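Following: one structure in C-alpha cells, then a few remarks.
Residue numbers (the numbering used here): 488 to 625.
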C-alpha cells in the first residue's frame with residue numbers, strides 16, 4: 488500500500504516537470520514567432536542599414552524565424568537574401584546541428600525553407616542565403 492501511495496505522486500510530479508519544460512519551449516517559441524511577425528520588417532530595415540544594403544529585384548532581403556529541425560522549436564531569426572521571387576518563398580530558416588571531433592567542434596547548418604513548421608522533408612529554397620542572424624531575448 489505504501490509503494491502505491493509513493494508511486495502515484497511521484498509520477499504526477501515527473502509528468503508535471505516534463506510538462507513545464509515543454510510549456511516553457513512553447514511559450515518561448517510563440518514569443519519568438521510573435522516578435523518576428525510584429526517587428527520583422529523593422530528588423531530587416533535596421534539590418535539592411537547596418538550592412539549598407541538596398542533591396543533590388545536580384546538582391547532582396549527578408550527576416551524570418553529560425554526553427555530547429557527535429558524539434559520545430561523557434562530559436563531566433565535570420566535575414567535571408569537572394570532574388571526577390573525566391574526570397575518571397577522563404578518562410579523560415581531551418582537549423583541543423585551536429586558535433587565533430589569528440590564534440591569539441593559544433594557545426595550549425597542554416598537552410599532557407601518554405602515552411603515554418605518543418606516535418607520530415609525540407610523544402611529548401613535554392614539560391615537564397617542567410618545574410619544575418621538576429622538574437623531574440625525572451
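Where is the CB? At the ideal position from N, CA and C, for every residue including glycine.
In this text the structure is predicted, and so the values were computed from the model without any measurement.
Alpha-carbon spacing of residue 577 relative to residue 596, whole angstroms: 16 Å
How would you label residue 621, buried or exposed, when you count the other beta carbons within 10 angstroms and need 16 or more for buried? buried
Quick check on DSSP: helix, strand or coil for residue 589? coil
Any contact between the segment 562-572 and the segment 585-595? By contact I mean 3 or more CB pairs, one from each, below 8 Å. no
Cβ separation of residue 468 and residue 579, assumed to be a contact under 8 Å, to the nearest whole Å: Residue numbering for the chain in the displayed model covers 488 to 625; residue 468 lies beyond these limits and cannot be assessed.
Comparing C-alpha positions only, which one of 588, 581, 538, 587 sits nearest to residue 604? Of the listed residues, the one whose Cα sits closest to residue 604 is 581.
As assigned by DSSP and simplified to three states, the class of residue 554: Residue state for residue 554 is assigned as strand, using DSSP reduced to three classes.
Taking its Cβ as the centre, do 16 or more other Cβ atoms sit within 10 Å of residue 548, making it buried, or is it exposed? buried
Status (buried if at least 16 other CB within 10 Å, exposed otherwise) for residue 587: exposed
Residue 574 lies in the alpha helix (DSSP H); which residues open and close that run? 571-574
Rounded to whole angstroms, what's the CA-CA distance from residue 611 to residue 602? Just pull it up for me. Taking C-alpha positions only, residue 611 is separated from residue 602 by approximately 9 Å.
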